[in-house]
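Chains as they are written, first to last, in our numbering: chain A, 1 to 84; chain B, 1 to 84; chain C, 1 to 84; chain D, 1 to 84.
Built from N, CA and C at the ideal position, the CB exists for glycine as well.
Here the structure is a predicted model, which means the values were calculated and not measured.
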DNA sequence: ACAGAAATAAAAATGC
DNA sequence: GCATTTTTATTTCTGT
């Protein structure tokens with residue numbers, strides 16, 4: 001592969017990453033905006049984050065990771081009313 | 001605002017966040033794929049990251065410069081019809 | 001208050017902070033060690049962190065914060081098997 | 001290792017972490033108190049933080065220097081009986 | 001697979 | 001009280 005071709009390829013790869021990172025940042029900003037909007041409406045952002053985390057846990061309740069948490073909770077005799 | 005409306009609003013806000021987080025994760029995966037491709041082609045990923053970081057810094061500096069020039073222009077009542 | 005006295009006082013305050021920060025760092029290191037030990041014994045550190053976070057929630061289940069989470073969860077019809 | 005023993009071990013590890021985190025929080029509170037005291041006495045807390053950060057940086061640099069000197073000394077087979 | 005480093009996300013604190 | 005800035009915590013990545 002000639003150096004010229006390699007340089008072009010590298011430039012393309014870098015530009016793809018940069019564009020994707022730009023989009024990613026844009027979405028991060030959107031998320032921040034949504035939370036800002038929620039806050040302005042009177043919702044508690046921290047509680048919302050907790051709910052979102054819980055829903056993610058529920059969604060992945062078949063994960064190995066969640067199974068381990070369940071096992072540990074059982075070992076400690078914790079009453080998980082929120083069934084993982 | 002009735003409780004029903006608030007609950008609906010809350011659900012919508014949370015679902016928007018969840019959808020955005022999903023998209024964000026998708027883009028993060030795309031970025032990883034690009035680096036994987038680069039690596040497979042024989043490029044040094046770490047060096048690429050360094051270049052990207054440097055370009056971001058430079059862009060940042062350029063943006064700052066633009067902001068300063070813009071401020072001066074505004075102070076002089078100039079209409080800047082083109083990008084600096 | 002003379003400058004000499006003020007300087008001495010300032011030095012004392014700063015040294016107190018520095019000593020406390022040293023102790024804090026020492027404890028942070030101890031925590032890391034405990035997790036390292038847990039890992040070496042075969043426990044899953046991430047799951048342990050989840051359990052610790054849950055126990056903290058339980059401990060503060062009378063918090064206003066938890067009440068809000070409960071309210072939101074109820075509004076979304078979430079089944080909280082883990083009673084907050 | 002039986003499950004009972006593992007559960008006990010897990011509980012002990014978690015309780016150790018929890019106790020350490022409690023101590024850490026206590027020290028964080030102490031630090032906050034010292035800054036509160038300093039502020040009440042008329043000192044500029046932000047400036048104090050800057051000084052503390054600078055001293056930490058300097059200590060860091062000094063430690064690095066010591067490490068380098070120590071390395072050289074070791075290379076020469078010297079016994080350093082005193083702090084550099 | 002693991003340790004260590006870097007990046008990101010979340011929480012806390014200060015100042016207005 | 002809100003917004004900004006700092007800290008802290010978690011996650012992710014990379015090299016060994």
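### Query
Just reading off the alpha helix (DSSP H) that residue 60/D is part of, what are its end residues?
45 to 75
### Message
Can you confirm whether the region 29 to 40 of chain D touches the region 9 to 20 of chain C when touching is taken to mean that 3 or more C-beta pairs between the two stretches lie within less than 8 Å?
### Response
yes
### Task
Step through the CB atoms of chain A and report whether any lies within less than 8 Å of the CB of residue 61/B.
no
### Nonlocal neighbours in the same chain, by C-beta distance under 6 Å from residue 84/D, ignoring five residues either side
A caution first: residue 84/D carries a pLDDT of 40, below 50, which makes its placement in the model unreliable, though a value can still be read off. Only 66, 69 meet the Cβ criterion.
### Query
For residue 25/A, does the three-state DSSP call read helix, strand or coil?
helix
### Query
Is it buried or exposed for residue 48/C, if we count other Cβ within 10 angstroms and need 16 for buried?
buried
### Query
On the premise that residue 31/A lies in contact with residue 92/C, defined as a C-beta separation below 8 Å, what is that separation, rounded to the nearest angstrom?
Residue 92/C falls outside the range modelled here, since chain C spans only 1 to 84, and no answer is possible.
### Query
Where does residue 83/B fall in DSSP's three states?
Caution is warranted here: a pLDDT of 48 is assigned to residue 83/B, below 50, making its placement in the model unreliable, and the coordinate value is therefore given only provisionally. Of the three classes helix, strand and coil, the one that applies to residue 83/B here is coil, per DSSP.
### Option nearest residue 44/A by Cα separation, candidates 17/C, 64/C, 46/C
64/C
### Task
From the DSSP output, in three-state form, read off residue 42/A for me.
coil
### Task
Could you tell me the distance, in whole angstroms, from the CA atom of residue 76/C to the CA atom of residue 28/D?
37 Å
### Message
Out of 53/C, 56/C, 41/C, 55/C, which one is the CA nearest neighbour of residue 5/D?
### Response
41/C
### Query
Mind listing which residues of the region 10 to 28 of chain A have their C-beta closer than 7 Å to chain B's C-betas, in chain order?
10, 13, 14, 16, 17, 18, 20, 21, 23, 24, 27, 28
### Message
Which residues in chain D have a C-beta closer than 8 Å to the C-beta of residue 76/A? List them in chain order.
### Response
7, 10, 11, 14
### residue 54/C vs residue 78/A beta-carbon contact at 8 Å
yes
### Message
Quick check on residue 57/D: buried or exposed, where buried means 16 or more other Cβ atoms within 10 Å of its Cβ?
### Response
exposed
### Query
Cα-Cα, which of 22/B, 2/B, 3/B, 9/B is closest to residue 59/A?
22/B
### Message
Give me the chain A residues within the contact set of residue 73/C, using Cβ-Cβ distance strictly less than 8 Å, ordered along the chain.
### Response
51, 54
### Message
Are the CB atoms of residue 24/A and residue 24/B within a distance shorter than 8 Å?
### Response
yes
### Message
Quick check: is the beta carbon of residue 4/C nearer than 8 Å to any beta carbon in chain D?
### Response
no
### Query
Is there a Cβ from chain C that is less than 8 Å from the Cβ of residue 68/D?
no
### Task
Determine, using beta carbons only, whether residue 65/C comes closer than 8 Å to chain A.
yes
### Query
Closest Cβ-Cβ distance between residue 47/A and chain C: below 8 Å?
yes
### Message
What are the residues in the region 29 to 42 of chain C lying within 9 Å of chain D by C-beta distance?
### Response
30, 31, 34, 35, 37, 38, 41, 42
### Query
To the nearest angstrom, how far is it from the Cα of residue 26/D to the Cα of residue 61/B?
42 Å
### Task
Whole angstroms is fine: what's the gap from residue 19/B's alpha carbon to residue 7/B's?
18 Å
### Query
Which residues in the same chain as residue 17/A place their Cβ atom closer than 7 Å to its Cβ, once the five residues preceding and following it in sequence are excluded?
none
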